[in-house]
Structures are given as C-alpha cells and as structure tokens.
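For the sequence shown, the working numbering begins at 1 and goes up steadily by one.
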Amino acid sequence: MVNDPVKIAVAGGGYGAKVALPAYLELEEFEPLAVWSRRPERAQEMAGQAGLALGTSDFEELLAVPGLEAVHVATPVITHVPFAVAAAERGLHVLCEKPLADDLAGAHRIAAAIRSAGVVGAVGFELRLKETRRRVIARAREVLGRPRMVSVSLVQTDHADASSRPHTWVHDATMGGGRLQGYGVHDLDMLLEALPPIEAVAAATEIGVTMRTSDDDHLLPVTAEDAYAILLRFRGGGLGVVNLVATAHHDRGDVIELHGDEGSVRLDADQRVWWGRAGHELQCEGPFDNSSTEAFKRVARNFWAAIRNGDPPDPSLEEGLRVQAVFDAVRIADVERRWVHPEPVTLVL
1 MVNDPVKIAV AGGGYGAKVA LPAYLELEEF EPLAVWSRRP ERAQEMAGQA
51 GLALGTSDFE ELLAVPGLEA VHVATPVITH VPFAVAAAER GLHVLCEKPL
101 ADDLAGAHRI AAAIRSAGVV GAVGFELRLK ETRRRVIARA REVLGRPRMV
151 SVSLVQTDHA DASSRPHTWV HDATMGGGRL QGYGVHDLDM LLEALPPIEA
201 VAAATEIGVT MRTSDDDHLL PVTAEDAYAI LLRFRGGGLG VVNLVATAHH
251 DRGDVIELHG DEGSVRLDAD QRVWWGRAGH ELQCEGPFDN SSTEAFKRVA
301 RNFWAAIRNG DPPDPSLEEG LRVQAVFDAV RIADVERRWV HPEPVTLVL
C-alpha cells in the first residue's frame, strides 16, 4: 500500500476525463482532488462522476485547491504553455500531455518554468510504454545496429465519416489539433528512443473528411489533418517512413518495421514482435498487451516516483523537447515542401 499518495488535479475534459482521471482514481499512488474543463457544466459533470468536490472552468480556482501537489495538463495544445507555466509557478508538479507546446519556443518556456520552480516535470508519451512498443524498443537496441529503413504505419477508422467522431478542438488547426499531435509525436518519440537522432524530415498532410458534425448536429469545417506521411533521415545514415490515415473504412493494427545493418524487428497487426539478427531466422514472441490505459498508468507511476522518490522523470522534459523540435520541423516541411533540419535541443536540469 502507498502511504503517501500525490494529490493531483486534472485539467481537460477529453483525454483527461476518459483516460487520466479514471486511472488516477484506480491508482493508490494518487488522490484526485479536482478537475477543470473549459465548459463549467462539463467540469461539474466530471467531478460528479468521479466523486470529487470541485469541478471548475476557472484554472486559478483549480490551482488554489488546498493541499494540491500536482496538475495533469490534458487541455488543447495551444493552452499547454499558460497552464503548465501557471502550475509550476504555484510550486506544483506538472505532467503535460504531448506535444509540450505548439512550438519549440513554447516548450522551452514550460521547461524553464519547471526548472526555475524546482518541481517535477514529465510528458505524456504513454504509447512508448505500451508493452508492444517497449518490446520493439528493447529488441531494436539488442539486434538492429545502424538503421537502414524503418516504417511506422497506422490505419484507423475513427475519422472515416463526418459523423463518426464529433467536431472538437482536435479538428481545429488553430487549437493545435490534428493527428500529428495525436499520434505522430508518439511515433517520433518511439523512434528517437530506439534509434539515432533524426537529421532531417520531409512531410505532407491531408484532410480527408473536410466537415464534421458538432454536438448540436451542425456541420463544422475541419482544418487539422487526418492523414500524414513523414520521411526521415537519421544521423549517420538510414531512412524512415511514418504514416497514418484516420479516415480508412477498414481498421488494422499498428505495423512497425525496423531494418538495420545487424538485424530486424517487426511489430505485426496482431501485437506480435518478430526479431532476429542477420543470418538467423526471425523469432516471434507475443502477442503483447497494447492497452493505452495500462501504458498511461506506467507514466503516472513514474510521475509519482519522481515526486516522492526523486527518480528521473520518465518520459522526461528533455525527451519532450527533442520530439517538439522534430514536430516543428515536420510542420515546416509540410508547408514549405522541403527537407527541414530539426533545431538542436539542449536542456540542463
């Protein structure tokens, strides 16, 4: 039993309400105190369902909850900087969803505020902590060698039609929406964890379903991508392709293939990992658990351990910044139709 749970508040009525808050309620390492949403009625609904005393649309009221120690920022990307900075300046530990900000300058502001306050900062790259992807990373470190060609391919159906998913900030580019922020940054994070640094990127994005039904049955325009293709060059050699379509009519599990000068690793659509060294047959293990919820619980427990035990945050702010630099380069490459070199990132904590 954990004798010293972290008292935490959750900001965000989407992922925060569907995944983060239920997980915190289950985990003995945490004691949720309050929730925030942009809409007062949504905040009160979340609080009522979770049995919490406070549901508010006033972020300052959230930060002022007596005994509060940490905040999970799961709000639209464009609000990450003001929310995370405000929490850190109040002396609260911060778990911020990915990407850290809408650009690298904003991400550095968050990191600087957390460093200045002397609190713990972590980033919500939970997909890397799925059992499937943890195994891919481990096998890649073991057998791959230098990368020659890597591929990450995601095929999803949740945006296939105008009514398949209601219009939210995720479909609004001005709010930092799009599938690049939803999934692309996770794939970049995984590759940066397993492989050499990314030297250059080229990219293209697409909006396949241009209108989407709102909660009140009105059609609203979609301005954020629901498909993307990213081409990568790794430092020292090797190419990568990362692509997603969220508007497919037939679903398929994630497929990841890593081919290097010493061996290969593959995650198939049935959650099995295939791996082998050059000159040997591929071996198969799995299927492994692919639950995003269980992966988030690992992120949460790591956050608790960083706060209570002084463990290194995992995933860390440094990892958040390095992904942000590549993410920014991808956005520029998409607009300018050219190879872009990610900005170097250094962080001293």
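Using N, Cα and C, we set each Cβ at its ideal position, and we do this for glycine too.
- Collapsed DSSP secondary structure at His259 in the structure displayed: For the purposes of this step, residue 259 is taken as the residue at position 259 of the sequence shown. Strand.
- Chain-order list of residues whose beta-carbon lies under 7 Å from that of Met1 (same chain, five-residue window excluded): To locate residue 1, count along the sequence shown from 1; it is residue 1. Excluding sequence neighbours, Met1 sits near Glu28.
- Task: Rounded to whole angstroms, what's the CA-CA distance from His218 to Thr174? Just pull it up for me.
- Result: Numbered from 1 along the sequence shown, position 218 holds the residue referred to as residue 218. Numbered from 1 along the sequence shown, position 174 holds the residue referred to as residue 174. The straight-line gap from Cα to Cα measures roughly 20 Å.
- Query: Any chance the segment 174-192 sits against the segment 123-131, with 3 or more Cβ pairs inside 8 Å?
  - Reply: yes
- Item | Rounded C-alpha distance that separates Val10 from Val155 | As a working note, residue 10 is residue 10 in the sequence shown. As a working note, residue 155 is residue 155 in the sequence shown. Their backbone Cα atoms lie some 30 Å apart in a straight line.
- Message: Going by DSSP in three states, Trp339 sits in which element: helix, strand or coil?
- Response: By 1-based counting over the sequence shown, the position of residue 339 is 339. Here Trp339 sits in coil by DSSP.
- Message: Could you pull the DSSP bridge partners for Trp275 from this structure?
- Response: Taking the sequence shown and counting its residues from 1, one reaches residue 275 at position 275. Answer is Val265, Gln283.
- Task: Write down the C-beta distance between Ala101 and Thr293 rounded to the nearest angstrom, noting that I regard them as a contact closer than 8 Å.
- Result: Translated into the one-based positions of the sequence shown, residue 101 becomes position 101. Translated into the one-based positions of the sequence shown, residue 293 becomes position 293. Contact doesn't hold; Cβ gap of about 25 Å is too wide.
- Item | Distance CB(Ile256)-CB(Val152) smaller than 7 Å | Working through the sequence shown from its first residue, we reach residue 256 at position 256. Working through the sequence shown from its first residue, we reach residue 152 at position 152. Contact flag set, yes.
- Supposed contact pair Ala194 and Leu231 - C-beta distance, whole angstroms, cut 8 Å: Counting from 1 along the sequence shown, the entry for residue 231 is found at position 231. Counting from 1 along the sequence shown, the entry for residue 194 is found at position 194. Leu231 to Ala194, Cβ: 18 Å. No contact.
- Message: Let's see if you can read the secondary structure: which residues bound the alpha helix (DSSP H) around Leu25?
- Response: One-based indexing of the sequence shown puts residue 25 at position 25. Following the DSSP letters along the chain, one finds Leu25 inside the alpha helix (DSSP H) bounded by residues 21-26.
- Query: Alpha carbon to alpha carbon, how far is Leu349 from Gly240?
  - Reply: Position 349 of the sequence shown, counted from the first residue, corresponds to residue 349. Position 240 of the sequence shown, counted from the first residue, corresponds to residue 240. Per-residue confidence for Leu349 stands at a pLDDT of 48, beneath the threshold of 50, marking its modelled position as unreliable; the derived number appears in the next sentence. Note on geometry: alpha-carbon atoms of Leu349 and Gly240 lie some 31 Å from one another.
- Task: Sort out for me which residues DSSP pairs Gly178 with in a bridge.
- Result: If you number the sequence shown from 1, residue 178 lands on position 178. Answer by DSSP bridge pairing: none, since Gly178 is not bridged.
- Message: Please return the same chain residues whose Cβ sits closer than 8 Å to the Cβ of Asp103, not counting the five positions on each side in sequence.
- Response: Locating residue 103 in the sequence shown gives position 103, where the first residue counts as 1. Taking C-beta separations shorter than 8 Å and ignoring five residues to either side along the sequence, the partners of Asp103 in its chain run Gln324, Asp328, following chain order.
- Message: Could you check whether the Cβ of Glu26 sits closer than 6 Å to any heavy atom belonging to the ligand GTP?
- Response: You won't find the ligand GTP in this model; it holds no ligand whatsoever.
- Task: Spell out the partners DSSP gives Met190 in its beta bridges.
- Result: Position 190 of the sequence shown, counting from 1, holds the residue named residue 190. Met190 pairs with nothing; no bridge assigned.
- Task: Give the DSSP-derived three-state secondary structure of Pro32 in the structure shown.
- Result: For this step, residue 32 is matched to residue 32 along the sequence shown. DSSP places Pro32 in strand when its eight states are reduced to three.
- Check each candidate in Glu45, Ala117, Gly106 and name the one with the smallest Cα separation from Ala70. For the purposes of this step, residue 70 is identified with residue 70 of the sequence shown, where counting begins at 1. Nearest option by C-alpha distance: Ala117.
- If you compare alpha carbons, which of Gly236, Ala204, Leu220, Arg133 is closest to Gly253? Position 253 of the sequence shown, counting from 1, holds the residue named residue 253. Of the candidates Gly236, Ala204, Leu220, Arg133, the one whose C-alpha sits nearest the C-alpha of Gly253 is Arg133.
- Item | Of the listed residues Trp274, Glu206, Ser264, nearest to Asn243 (C-alpha basis) | In the sequence shown, residue 243 corresponds to position 243, counting from 1. Nearest of Trp274, Glu206, Ser264 to Asn243, Cα basis: Glu206.
- Inter-residue spacing [alpha-carbon to alpha-carbon] between Lys375 and Trp304: Because residue 375 is not part of the residues shown, which for the chain are 1 to 349, the question remains open.
- Item | CA nearest to the CA of Tyr15, picked from Leu68, Cys96, Leu52, Arg90 | In the sequence shown, residue 15 corresponds to position 15, counting from 1. Considering only alpha carbons, the answer is Cys96.
- Query: Alpha carbon to alpha carbon, how far is Val335 from Ala204?
  - Reply: Position 335 of the sequence shown, counted from the first residue, corresponds to residue 335. Position 204 of the sequence shown, counted from the first residue, corresponds to residue 204. Between Val335 and Ala204, the C-alpha separation is close to 8 Å.
- Burial state of Gln283, where buried means 16 or more other Cβ atoms lie within 10 Å: On the sequence shown, position 283 is the one that residue 283 refers to. Looking at its Cβ environment, which holds fewer than 16 other Cβ atoms inside 10 Å, Gln283 is exposed.
- Item | Backbone CA spacing between Ala105 and Val345 [nearest angstrom] | As a working mapping, residue 105 is identified with position 105 in the sequence shown. As a working mapping, residue 345 is identified with position 345 in the sequence shown. Going from the Cα of Ala105 to the Cα of Val345 covers about 11 Å.
- Taking the DSSP output, what are the residues bridged to Glu206? Within the sequence shown, numbered from 1, the residue matching residue 206 stands at position 206. Paired residue(s): Ala227.
- Are the beta-carbon atoms of Ala160 and Thr223 separated by less than 7 Å? The residue you call residue 160 lines up with position 160 of the sequence shown. The residue you call residue 223 lines up with position 223 of the sequence shown. It is not a contact, given that the beta carbons lie outside the stated cut-off.
- Residues in its own chain within less than 6 Å of Glu285 by CB, not counting five upstream and five downstream? Position 285 of the sequence shown, counted from the start, is the residue given in the question as residue 285. Same-chain partners within the cutoff: Val273.
- Counting along the chain, where does the alpha helix (DSSP H) carrying Met46 start and finish? One-based indexing of the sequence shown puts residue 46 at position 46. From DSSP, the alpha helix (DSSP H) with Met46 extends over 40-50.
- Query: If you draw a straight line from the C-alpha of Val19 to the C-alpha of Leu54, how long is it?
  - Reply: To locate residue 19, count along the sequence shown from 1; it is residue 19. To locate residue 54, count along the sequence shown from 1; it is residue 54. Val19 and Leu54: Cα-Cα distance of roughly 19 Å.
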